[in-house]
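Q:
Chains as they are written, first to last, in the UniProt record's numbering: chain F, 1 to 367; chain C, 1 to 367.
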């Protein structure tokens with residue numbers, strides 16, 4: 001490779017939704033701030049549209065959403081995209097800002113062709129254990145890099161911290177925390193440490209109105225999002241967890257409402273089940289505690305689980321605010337008091353921040 | 001450089017005290033675990049003794065403390081050490097596990113000769129602003145790396161997180177926290193959130209007996225250690241703080257005891273001044289608060305300060321346990337709830353962990 005192209009890194013982006021738009025704005029500022037390596041956007045697509053030229057000419061970083069909207073180009077099929085990117089003559093980083101399983105499934109091919117990957121896409125690292133192994137084997141073999149800080153806790157330094165603990169030889173014995181901004185908001189409102197909180201169904205409705213839940217709140221209440229994050233952390237801690245459904249995950253969807261047709265119908269019928277949650281709350285209160293939806297990984301006994309647990313009012317998990325995440329790492333070196341990381345674990349800007357800082361890490365290693 | 005030597009990195013170490021010994025043990029395990037790049041120790045010294053051979057033969061990583069004790073070699077003067085390391089033909093990382101100003105002052109020379117530096121040495125980054133500028137200018141010019149995670153909060157990801165925030169374009173508006181394990185222990189015991197706590201002088205005596213203070217506790221109580229850490233963080237956040245004495249730092253040493261001859265005499269005479277601290281504590285209690293020794297950086301108003309402040313019982317700073325540190329980053333992206341990092345901020349093993357993870361970062365970038 002020519003010396004000149006060593007100081008240029010090509011960027012390809014899939015996805016321009018909430019996180020994608022924030023990332024584009026951060027990338028534009030980054031490229032303006034840092035002259036070296038030169039960052040050149042050569043491809044960007046949504047599920048319907050794309051921008052690229054066959055000779056890899058740089059795409060302007062300003063007003064991409066409107067350029068995309070008026071584009072006549074369709075996205076390249078993934079195998080063609082791999083070919084396109086690997087013939088540019090420059091080192092290339094693929095930024096996957098989707099939550100697509102199809103894109104995730106293609107990471108091993110991108111990586112084996114020397115294309116580095118940064119992404120908040122949880123599915124790549126929390127689906128089958130085989131995909132996990134294929135991804136890291138491909139990276140190892142080609143030297144391409146793969147970073148996914150924002151797949152857990154958005155921009156919070158959760159994955160990098162766990163990697164540092166493991167890589168420097170500490171023994172992580174337990175990881176525990178609140179891993180869902182939605183669940184955090186719901187329980188901090190439903191069972192606050194002071195005051196009495198609202199009815200469960202009313203809090204779910206409010207969370208949806210504030211945009212804190214998925215369009216169908218059941219996609220948060222089934223616990224799968226938290227299970228995916230735990231799968232990722234457990235694997236990084238050395239447990240070969242097969243999938244996010246291979247350990248106990250408590251769903252907060254009443255059995256009777258699992259199959260109702262829509263999220264709206266679910267919300268309409270949820271009040272009939274408030275008594276159940278009220279009872280859980282009262283039970284905790286009797287012990288001077290509050291109930292929270294947490295995930296935990298006991299590395300020693302190899303147990304991973306997701307569900308409701310009770311916490312003393314003085315426990316950091318009970319004292320959480322708003323939609324914050326909190327993650328506690330218990331390790332041999334840190335002893336009885338864990339290393340704790342806390343803060344917003346969702347939102348476009350902070351999620352994109354994790355992607356951008358991953359991109360900077362890749363650049364420091366390949367450019 | 002030959003391809004073979006590109007996969008070998010030489011390590012030189014200064015210091016084999018508390019942190020140094022823990023680092024050596026982590027390095028030995030690391031070298032055994034990771035075949036590539038090959039880590040070759042070519043130099044190690046304490047203030048009196050050294051181990052090295054003029055032809056850069058690898059020093060065995062086992063039993064270094066006893067090899068050092070029986071060595072007849074004296075340490076190389078720093079300029080000679082620079083020459084020695086830069087003629088090895090391999091990329092080299094200097095690990096400075098001292099708190100020596102002299103070694104810190106030499107970083108620009110090491111870096112300008114292409115030798116990367118990792119260190120917990122606060123003095124390098126908290127003395128004159130000119131030294132700070134010289135260090136980073138030398139690294140920029142040569143491409144050598146410099147990392148110092150453990151200079152604030154030991155192994156906690158404080159510096160890397162702040163750098164990520166800044167580098168990805170977030171605006172840090174305020175940094176606040178408890179930055180001293182000693183101060184944390186003292187105030188968590190003296191003014192606990194429940195119960196009444198002990199007399200101030202008794203708590204200082206106990207902390208010293210438990211090994212939580214410097215040999216002369218005044219070296220903790222003068223606030224300089226916290227001021228040094230704040231200087232580092234403020235500079236990383238963009239404030240050109242001149243030195244750790246260029247902003248208000250509250251000393252907890254009574255004026256009358258500043259010049260007593262020894263730490264023992266200080267401890268003997270301290271009980272006469274308990275009333276002062278008792279009054280401070282009572283004042284906070286009247287407002288339903290507790291007193292804590294904190295540092296804060298208001299990036300917007302450019303104000304840095306260190307000293308006693310009062311906190312609500314529910315505030316994370318009040319709820320701290322043992323000798324834990326807590327650091328809160330308030331930023332534009334994170335909004336009203338800060339990004340918080342908490343855990344042990346002192347101790348040989350966790351400090352060495354920060355050094356080891358810095359070494360891994362350097363290796364990923366140069367090897």
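Using N, Cα and C, we set each Cβ at its ideal position, and we do this for glycine too.
What does the alpha-carbon distance come out to for the pair residue 281/F and residue 329/F?
A: In the first chain, the residue the question calls residue 281/F occupies position 281. In the first chain, the residue the question calls residue 329/F occupies position 329. In a straight line, the C-alpha of residue 281/F is about 27 Å away from that of residue 329/F.
Q: With a threshold of 8 Å on Cβ separation, who are the neighbours of residue 173/F within its own chain once the five nearest residues in sequence on each side are excluded?
A: Here residue 173/F refers to the residue found at position 173 of the first chain. Here the set comprises 298, 299, 300, 330, 331 and 332.
Q: Which residues in chain C sit within 8 Å of residue 350/F, going by Cβ to Cβ distance?
A: Numbered from 1 along the first chain, position 350 holds the residue referred to as residue 350/F. The contacting residues are 333 and 334.
Q: What are the uninterrupted segments assigned as beta strand (DSSP E) that are 3 or more residues long and contained completely in the stretch 137-187 of chain F, given in chain order?
A: DSSP runs (the beta strand (DSSP E)) wholly in the stretch 137-187 of chain F: 172-178.
Q: When the Cα atoms are used, what is the spatial distance from residue 149/F to residue 353/F?
A: The residue given as residue 149/F occupies position 149 in the first chain. The residue given as residue 353/F occupies position 353 in the first chain. So the alpha carbons of these two residues sit roughly 9 Å apart.
Q: List, in order along the chain, the chain F residues whose C-beta lies closer than 8 Å to that of residue 365/C?
A: Locating residue 365/C in the second chain gives position 365, counting from the first residue. Ordered by position in chain F, the residues that pass the 8 Å Cβ test against residue 365/C are 364 and 365.
Q: Locate the beta strand (DSSP E) running through residue 329/F, then write down its first and last residues.
A: If you number the first chain from 1, residue 329/F lands on position 329. Per DSSP, residue 329/F belongs to the beta strand (DSSP E) from 324-331.
Q: Where does residue 146/C land, buried or exposed, given buried means 16+ other C-beta within 10 angstroms?
A: Residue mapping note: residue 146/C aligns to position 146 of the second chain, counting from 1. Buried, by the Cβ-count rule.
Q: Does any heavy atom of the ligand MG sit closer than 7 Å to the C-beta of residue 121/C?
A: The model depicted lacks the ligand MG and carries no ligand whatsoever.
Q: Does the CB of residue 357/F have a neighbour CB from chain C at under 8 Å?
A: Indexing the first chain from 1 puts residue 357/F at position 357. Yes, contact with chain C.
Q: With distances taken Cα to Cα, identify the nearest neighbour of residue 374/C among 160/C, 123/C, 44/C and 34/C.
A: A question about residue 374/C goes unanswered here, because the residues of chain C that appear run from 1 up to 367.
Q: Look at the alpha carbon of residue 24/C and the alpha carbon of residue 315/F, and state the distance between them as a whole number of angstroms.
A: In the second chain, counting from the first residue as 1, residue 24/C sits at position 24. In the first chain, counting from the first residue as 1, residue 315/F sits at position 315. Approximately 36 Å, taken between the alpha carbons.
Q: Measure from the C-beta of residue 20/C to each C-beta in chain F and report whether the shortest distance is under 8 Å.
A: The residue you call residue 20/C lines up with position 20 of the second chain. No - not a single Cβ of chain F is within 8 Å of the one on residue 20/C.
Q: Checking 8 Å against the spacing of the C-beta atoms, do residue 198/F and residue 189/F come in under that value?
A: For this step, residue 198/F is matched to residue 198 along the first chain. For this step, residue 189/F is matched to residue 189 along the first chain. For residue 198/F and residue 189/F, yes; Cβs fall inside 8 Å.
Q: Under 7 Å, CB to CB, which of the residues in the stretch 128-142 of chain C have a partner in chain F?
A: Answer set for the stretch 128-142 of chain C: empty.
Q: Taking the alpha carbon of residue 98/C as the reference point, which residue from 269/C, 106/C and 120/C has its own alpha carbon closest?
A: If you number the second chain from 1, residue 98/C lands on position 98. Of 269/C, 106/C and 120/C, the residue nearest in Cα terms is 120/C.
Q: Taking 8 Å as the CB-CB cut-off, is residue 321/C touching chain F?
A: One-based indexing of the second chain puts residue 321/C at position 321. Cβ-Cβ to chain F under 8 Å: yes for residue 321/C.
Q: Does the contact criterion of 3 or more C-beta pairs under 8 Å hold for the stretch 300-314 of chain C versus the stretch 273-292 of chain F?
A: Output reads no: the stretch 273-292 of chain F does not touch the stretch 300-314 of chain C.
Q: For residue 292/F, which beta-bridge partners are listed by DSSP?
A: Taking the first residue of the first chain as position 1, residue 292/F is located at position 292. DSSP lists 309/F as partners of residue 292/F.
Q: Are residue 52/C and residue 73/C touching if we call contact CB-CB under 8 Å?
A: Position 52 of the second chain, counting from 1, holds the residue named residue 52/C. Position 73 of the second chain, counting from 1, holds the residue named residue 73/C. In this structure, residue 73/C lies closer than 8 Å to residue 52/C by Cβ.
Q: Residue 96/C lies in the beta strand (DSSP E); which residues open and close that run?
A: Taking the first residue of the second chain as 1, we reach residue 96/C at position 96. It spans 91-96 - the beta strand (DSSP E) in which residue 96/C sits, taken as one unbroken run.
Q: Report the neighbours of residue 340/F on chain C: residues whose CB is nearer than 8 Å to its CB, in chain order.
A: The residue given as residue 340/F occupies position 340 in the first chain. 340, 341, 342 and 343, listed in chain order.
Q: Could you give the residue range of the alpha helix (DSSP H) that holds residue 363/F?
A: On the first chain, residue 363/F is found 363 positions in, with the first residue counted as 1. Element bounds for residue 363/F: 348-366.
Q: Does DSSP classify residue 7/C as helix, strand or coil?
A: The residue you call residue 7/C lines up with position 7 of the second chain. In this structure, residue 7/C counts as coil in the three-state DSSP scheme.
Q: What would DSSP say about residue 298/C, mapped onto helix, strand or coil?
A: For the purposes of this step, residue 298/C is taken as residue 298 along the second chain, with counting starting at 1. Reduced to three states, the DSSP call for residue 298/C is strand.
Q: Quick check: what's the CA-CA separation for residue 5/F versus residue 213/C?
A: Here residue 5/F refers to the residue found at position 5 of the first chain. Here residue 213/C refers to the residue found at position 213 of the second chain. Note on residue 5/F: pLDDT 44, under 50, position unreliable in the model; no value is reported.
Q: Note down the Cα distance separating residue 293/C from residue 178/C, rounded to an integer number of angstroms.
A: Translated into positions along the second chain, residue 293/C becomes position 293. Translated into positions along the second chain, residue 178/C becomes position 178. Each residue's alpha carbon lies about 7 Å from the other.
Q: Using Cβ-Cβ distances below 8 Å, what residues of the stretch 145-178 of chain C are close to chain F?
A: Within the stretch 145-178 of chain C, the residues whose Cβ lies closer than 8 Å to some Cβ of chain F are 155, 156, 157, 160, 161, 164, 165, 167, 168, 169 and 170, listed in chain order.
Q: Quick one: which chain F residues come within Cβ less than 7 Å of residue 314/C?
A: Translated into the one-based positions of the second chain, residue 314/C becomes position 314. Correct list: 319.
Q: Considering only residues of the same chain and omitting the five flanking positions on each side of residue 109/F, which have a CB-CB separation below 6 Å?
A: Counted from its first residue, the first chain places residue 109/F at position 109. Result list for residue 109/F: 82, in chain order.
Q: Based on DSSP bridge pairs, tell me the residues matched to residue 14/F.
A: Here residue 14/F corresponds to residue number 14 of the first chain, with the count starting at 1. Per DSSP, 45/F and 96/F.
Q: Use the C-beta contact count for residue 169/C: other C-beta atoms within 10 angstroms, 16 or more gives buried, fewer gives exposed.
A: Position 169 of the second chain holds residue 169/C. The residue in question, residue 169/C, is buried, as its Cβ has 16 or more Cβ neighbours within 10 Å.
Q: Can you list the alpha helix (DSSP H) stretches of 4 or more residues lying completely in the stretch 264-292 of chain C, in chain order?
A: Complete alpha helix (DSSP H) runs here, min 4: 274-286.
Q: Can the beta-carbon of residue 175/F be found closer than 8 Å to that of residue 14/F?
A: Along the first chain, one-based indexing puts residue 175/F at 175. Along the first chain, one-based indexing puts residue 14/F at 14. Not a contact, by the Cβ cut-off of 8 Å.
Q: Classify residue 133/F: buried if its beta carbon has 16 or more other beta carbons within 10 angstroms, exposed otherwise.
A: Taking the first residue of the first chain as position 1, residue 133/F is located at position 133. Classification for residue 133/F: exposed.
Q: Comparing alpha-carbon positions, which option in 284/F, 217/F and 249/F lies nearest residue 265/F?
A: Residue numbering aside, residue 265/F sits at position 265 when the first chain is read from its first letter. When each option's Cα is compared against that of residue 265/F, the closest is 217/F.
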